[in-house]
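First up is the structure itself, then whatever we jot down about it.
Residue numbers (this note's numbering): 95 to 196.
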């Protein structure tokens, strides 16, 4: 009976770790430049350069921009000067960065 509990425990733990390692991990090799943004455009580069879903939040947590980009360039000219939180989703991976607009 103890062996059955051990096998069940091991199975549940391994499934939990497998899910945590696959979904929501950081995007390796993400480059965000220039930061701070001065010309109204920011470039987001990843090794895969797949379509990226972009969310930008202000310091209060309010979503101020949601868009999808196919290349690297993101136009931020409609945002006011300030500090923002940028979330990038690409192929079941996510990265969060601080973004400053001057």
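For glycine and all other residues, C-beta sits at the position ideal for the given N, C-alpha and C.
**Prompt:** So residue 164 and residue 145 are in contact, right, with Cβ under 8 Å, and what is the actual spacing, rounded?
**Reply:** Sequence index remark: in the chain shown, residue 164 carries index 70 (1-based). Sequence index remark: in the chain shown, residue 145 carries index 51 (1-based). Yes, they are in contact, since the Cβ atoms of residue 164 and residue 145 sit about 5 Å apart, within 8 Å.
**Prompt:** DSSP on residue 154, reduced to helix/strand/coil?
**Reply:** Taking the chain shown and counting its residues from 1, the one referred to as residue 154 is at position 60. In the three-state scheme derived from DSSP, where H, G and I count as helix and E and B as strand, residue 154 is classed as coil.
**Request:** Quick one: give me the first and last residue of the beta strand (DSSP E) that residue 193 is part of.
**Result:** In the chain shown, residue 193 corresponds to position 99, counting from 1. Per DSSP, residue 193 belongs to the beta strand (DSSP E) from 187 to 195.
**Item:** Complete runs of the beta strand (DSSP E) confined to the region 112 to 149 [at least 3 residues]
**Value:** The DSSP assignment places complete beta strand (DSSP E) segments of no fewer than 3 residues inside the region 112 to 149 at 125 to 127 and 135 to 139, in order along the chain.
**Where residue 178 falls, given that 16 or more other Cβ within 10 Å makes a residue buried** = Walking along the chain shown from the start, residue 178 turns up at place 84. The residue in question, residue 178, is buried, as its Cβ has 16 or more Cβ neighbours within 10 Å.
**Request:** For residue 162, collect the residues of the same chain with a Cβ closer than 8 Å to its Cβ; drop the 5 residues on either side in sequence, then sort them by chain order.
**Result:** Position 68 of the chain shown holds residue 162. If the five residues before and after residue 162 are omitted, its C-beta is found closer than 8 Å to the C-beta atoms of 145, 146, 147 and 148, all from its own chain and listed in chain order.
**Prompt:** How would you label residue 150, buried or exposed, when you count the other beta carbons within 10 angstroms and need 16 or more for buried?
**Reply:** Here residue 150 is taken as the residue at index 56 of the chain shown, counted from 1. In this structure residue 150 is buried. Its beta-carbon is surrounded by 16 or more other beta-carbon atoms within 10 angstroms.
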